[in-house]
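Below is one structure; the comments refer to it alone.
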Amino acid sequence: MLVLAAIPLNKASLKDHILPKQLFWLIIGVTVIITAGMWLALKQFAPDGMANPIAVLEYWIRKSARFQAHLTRLDSGWMQQVFRSTPEWVHLPLLLTYGVLQPFLPAAIIAGSHAKIWHWIAIWRAIGWTLILPFLIYALLRAPRKKDDHGFTFIISLIVWGGILIAAFRGGGDMWDNPRYRAAFAGLGAALAAWAIMEHRRTHDPWLRRAFISVLLILAWFIPWYLGRYTGFYWPV
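Quick look at the structure:
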């Protein structure tokens, strides 16, 4: 985020400010710093003797995916049913999708919490995420087609969605940990959603409406399932 903020993109293209060779070494330097930081943070979880940074990262990703899938299966009866009826290679994409939807509004309303205040907090957070998610989806679809900002908005959308997917991967289907990880990119996400609103007002692009319809259909599909699980409501589908 700081690197992006330091790059002047307001009036001219990136090439007008940073020479291609300098840009190349800047990217290499940032990549090395990020890789070194991840290696130092993750090597404590790797088996003894594993020193290769790539091997450490691969080990952490594999173990984290397995652990989060296990926790999600324990917490969600729906995910247990889906995992039993699908091949193992689709479990990770399903887990990421389920994590992106957290905090999930039907679960927050119907499942709730034993403490009233946490129930209302869960509903409030789920409403906020449900409202902002279509704008973020639209921004990811719209930003690559916008050519007058030299790809800056597209870069921001990739960073925001990268953070969302990493949080979904690390937090799984947890309604509390997942949004907490995602909060690190809340500022960029809010800015991206605001850009999506202004861009839609300018272009009247139908994809924002389609994003909202998609989210509403997902909510409508799961509300009867949660009612059936927690209230005894019968849904024959």
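Per my numbering, the sequence shown runs over residues -10 to 226.
Heads up, the beta-carbon is just placed ideally off N, CA and C, and yes, glycines get one too.
Linking M187 to G117 through their CA atoms gives a straight-line distance of about 19 Å. The residue from R190, A182, V149 with its alpha-carbon nearest to that of R171 is V149. For T220, the enclosing alpha helix (DSSP H) starts and ends at 196 to 220. Within 10 angstroms of the beta-carbon of Y219 lie fewer than 16 other beta-carbons, which makes it exposed.
Going by DSSP, T119 is part of the alpha helix (DSSP H) stretching over 105 to 131. Remark: C-beta atoms of V45 and A35 approach each other more closely than 7 Å. The Cβ-Cβ distance between L154 and L84 does not fall below 7 Å.
Separation of the CB atoms of A128 and A185 is rounded to 4 Å, and the pair is thereby assigned contact status at 8 Å. F174 sits away from G160, with the two beta carbons spaced by 7 Å or more. Residue environment for F222: exposed (fewer than 16 other C-beta atoms within 10 angstroms of its C-beta). In summary, I23 is exposed, with fewer than 16 beta-carbon neighbours lying within 10 Å of its beta-carbon over all protein chains present. DSSP, read as helix, strand or coil, puts A35 in coil.
For E188, the uninterrupted alpha helix (DSSP H) segment begins and ends at 175 to 192.
Between the C-alpha atoms of D166 and I202 there is a straight-line separation of about 27 Å. Taking L122 as reference, the option from W210, Q70, L181, Y215 with the minimal CA-CA separation is L181. Between R114 and P92, the gap from beta carbon to beta carbon is short of 7 Å. The beta carbon of I212 sits closer than 7 Å to the beta carbons of P95 from its chain, once the five residues preceding and following it are set aside; these are given in chain order.
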